[in-house]
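Some notes on the structure that comes next.
Number of protein chains: 2
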Amino acid sequence: MSKLLDDVVGELSKLPGIGRRTALRLAIHMLRMEREDVSEMTAAIDAFRNNIRYCRQCNNLSDDELCPVCADSDRDRSVVCVVEQVSDVISIENTRQYKGLYHVLGGVISPMQGIGPSDLKIDLLLDNIAKGEIKEVILAISTTVEGETTQFYITRRLEGCEGVKVSTIARGIGFGDEIEYADELTIAHAIHNRTNVK
Amino acid sequence: MSKLLDDVVGELSKLPGIGRRTALRLAIHMLRMEREDVSEMTAAIDAFRNNIRYCRQCNNLSDDELCPVCADSDRDRSVVCVVEQVSDVISIENTRQYKGLYHVLGGVISPMQGIGPSDLKIDLLLDNIAKGEIKEVILAISTTVEGETTQFYITRRLEGCEGVKVSTIARGIGFGDEIEYADELTIAHAIHNRTNVK
Numbered sequence: 004m005s006k007l008l009d010d011v012v013g014e015l016s017k018l019p020g021i022g023r024r025t026a027l028r029l030a031i032h033m034l035r036m037e038r039e040d041v042s043e044m045t046a047a048i049d050a051f052r053n054n055i056r057y058c059r060q061c062n063n064l065s066d067d068e069l070c071p072v073c074a075d076s077d078r079d080r081s082v083v084c085v086v087e088q089v090s091d092v093i094s095i096e097n098t099r100q101y102k103g104l105y106h107v108l109g110g111v112i113s114p115m116q117g118i119g120p121s122d123l124k125i126d127l128l129l130d131n132i133a134k135g136e137i138k139e140v141i142l143a144i145s146t147t148v149e150g151e152t153t154q155f156y157i158t159r160r161l162e163g164c165e166g167v168k169v170s171t172i173a174r175g176i177g178f179g180d181e182i183e184y185a186d187e188l189t190i191a192h193a194i195h196n197r198t199n200v201k
Numbered sequence: 004m005s006k007l008l009d010d011v012v013g014e015l016s017k018l019p020g021i022g023r024r025t026a027l028r029l030a031i032h033m034l035r036m037e038r039e040d041v042s043e044m045t046a047a048i049d050a051f052r053n054n055i056r057y058c059r060q061c062n063n064l065s066d067d068e069l070c071p072v073c074a075d076s077d078r079d080r081s082v083v084c085v086v087e088q089v090s091d092v093i094s095i096e097n098t099r100q101y102k103g104l105y106h107v108l109g110g111v112i113s114p115m116q117g118i119g120p121s122d123l124k125i126d127l128l129l130d131n132i133a134k135g136e137i138k139e140v141i142l143a144i145s146t147t148v149e150g151e152t153t154q155f156y157i158t159r160r161l162e163g164c165e166g167v168k169v170s171t172i173a174r175g176i177g178f179g180d181e182i183e184y185a186d187e188l189t190i191a192h193a194i195h196n197r198t199n200v201k
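Residue numbers (the working numbering), protein chains in the order written: chain A, 4 to 201; chain B, 4 to 201.
And the structure:
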């Protein structure tokens with residue numbers, strides 16, 4: 004095989020979910036793209052990897068010291084939504100319903116993977132709360148074993164914060180999901196936490 | 004969202020099979036990679052896109068005027084295997100069974116997509132045959148409508164080539180495939196072209 008092709012296939016197949024076959028398909032596709040479009044793509048990747056920062060207030064990905072959400076004076080600074088990762092911020096922003104701030108933990112507590120509370124941005128969250136503006140903390144963390152552990156740990160740490168409400172996002176059957184295919188725990192929880200309609 | 008992140012997600016999601024969600028996952032993964040590894044990847048992509056050439060003899064992807072197969076003096080120059088695309092060359096090379104040369108058409112005849120015979124490297128194949136060294140042409144083209152059309156067209160063009168055998172690869176039930184799930188045409192063909200074992 005051509006060395007140039009072999010190199011690009013080798014590099015692309017290091018990415019998660021991309022095997023050698025997909026890498027080859029991507030490489031061949033790039034030959035059909037304009038050279039300028041390919042260099043725009045590689046330049047965007049390099050600029051991202053070399054210049055991206057973490058917001059000093061919420062740990063979200065950011066171009067500057069403060070991320071666009073923290074820098075936006077229209078956001079409600081009394082509510083903070085705590086999430087595991089940057090992609091959760093994007094998912095919640097896409098709903099266009101939430102107007103508060105975020106706090107990105109950067110993972111969940113996972114002894115199996117050697118991630119302890121000190122590896123997450125929990126102290127930063129408490130520092131922010133100590134400033135006094137925050138009145139509610141919404142925990143939007145996965146319901147995995149690691150997520151539940153993290154939620155439990157954060158709830159304990161927040162116990163001393165007077166005048167700060169702590170909530171978790173609602174659990175239940177998703178819109179469009181069929182009850183038949185939901186797991187027992189979710190169904191049981193959804194029935195227990197039923198909403199009155201009349 | 005951060006502009007740097009938005010840019011990289013936008014660029015990556017232009018690639019086939021990569022949506023915005025996958026692009027975001029790839030971008031986040033790149034943050035966990037070393038900066039040098041990311042620049043090695045982008046450099047490999049740029050080098051590939053800007054420097055790759057097509058072999059002047061067989062139209063395979065190549066670093067030089069001749070591709071590694073055509074340049075290899077150990078290959079059997081009396082046999083040429085005609086394939087649609089570069090990835091087919093790689094698939095056949097991976098078997099380590101074929102020792103002849105290749106000829107990459109660069110597609111198949113497809114009136115629907117506006118691809119006619121003149122868009123494929125068929126004249127180059129005939130020029131190569133005219134040099135007199137080639138004794139057999141193996142057609143390894145898909146059994147789609149477009150592939151069959153292309154095969155029919157090439158076979159017609161080769162009719163005038165005296166002393167050149169033309170064959171197509173065997174069709175039948177693949178190793179590991181179950182007869183139950185094979186289509187009727189393949190089963191019928193496999194029975195008709197049965198091989199004696201005793």
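Even for Gly, the Cβ is constructed at its ideal location relative to N, Cα and C.
By how many angstroms is the C-alpha of B/Glu-87 removed from the C-alpha of B/Leu-142? B/Leu-142 and B/Glu-87: Cα-Cα distance of roughly 9 Å.
Closest Cβ-Cβ distance between A/Met-4 and chain B: below 9 Å? Interface with chain B (9 Å Cβ-Cβ cutoff): A/Met-4 is included.
What is the rounded straight-line gap between the Cα of A/Asp-75 and the Cα of B/Asp-9? Computed Cα separation, rounded: 17 Å.
From A/Leu-178 to A/Val-169, what distance separates their C-alpha atoms? Correcting the residue identity first, residue 178 of chain A is Phe in this sequence and not Leu. Each residue's Cα considered, the two are about 25 Å apart.
If we require 3 or more residues per run, which beta strand (DSSP E) segments fall completely within the stretch 107 to 168 of chain A? Along the stretch 107 to 168 of chain A, the beta strand (DSSP E) occurs as fully enclosed runs of 3 or more residues at 139 to 143, listed in sequence order.
What does A/Thr-171 pair with, by DSSP beta-bridge criteria? DSSP, once it has assigned bridges, lists A/Leu-142 as partnering A/Thr-171.
Please report how far the alpha carbon of B/Ala-193 lies from the alpha carbon of B/Gln-154, in whole angstroms. Each residue's Cα considered, the two are about 20 Å apart.
Would the stretch 75 to 85 of chain A count as touching the stretch 104 to 112 of chain A if we require 3 or more Cβ pairs under 8 Å? By the Cβ criterion, the stretch 75 to 85 of chain A is in contact with the stretch 104 to 112 of chain A, since at least three pairs of Cβ atoms, one from each stretch, lie closer than 8 Å.
Take B/Leu-69 as the anchor and find which of B/Cys-58, B/Gly-163, B/Asp-77 has the nearest alpha-carbon. Ranking B/Cys-58, B/Gly-163, B/Asp-77 by Cα distance to B/Leu-69 puts B/Cys-58 first.
Can you list, in chain order, the residues of its chain whose CB lies under 8 Å from that of A/Val-89, leaving out five sequence neighbours each side? Hits under 8 Å: Asn-63, Leu-64, Val-107.
CA-CA distance, A/Glu-187 and B/Ala-50? Approximately 53 Å, taken between the alpha carbons.
Chain B contacts from the stretch 40 to 65 of chain A (Cβ-Cβ distance under 7 Å): Answer in chain order: Val-41, Ser-42, Glu-43, Met-44, Thr-45, Ala-47, Ile-48, Asp-49, Ala-50, Phe-51, Arg-52, Asn-53, Asn-54, Ile-55, Leu-64, Ser-65.
Is B/Val-72 closer than 9 Å to B/Val-92 when the C-beta atoms are compared? For B/Val-92 and B/Val-72, yes; Cβs fall inside 9 Å.
When A/Ile-95, A/Glu-165, A/Arg-197, A/Ile-48 are compared against A/Ile-144, the one with the closest alpha-carbon: For A/Ile-144, the closest C-alpha among the options A/Ile-95, A/Glu-165, A/Arg-197, A/Ile-48 is that of A/Ile-95.
Under a CB-based cut-off of 9 Å, is B/Val-111 close to chain A? Contacts with chain A at 9 Å (Cβ-Cβ) do not include B/Val-111.
Going by C-alpha to C-alpha distance, which of B/Arg-24, B/Gly-166, B/Ala-26, B/Gly-20 sits closest to A/Arg-24? Residue B/Gly-20 is the option with its Cα nearest to A/Arg-24.
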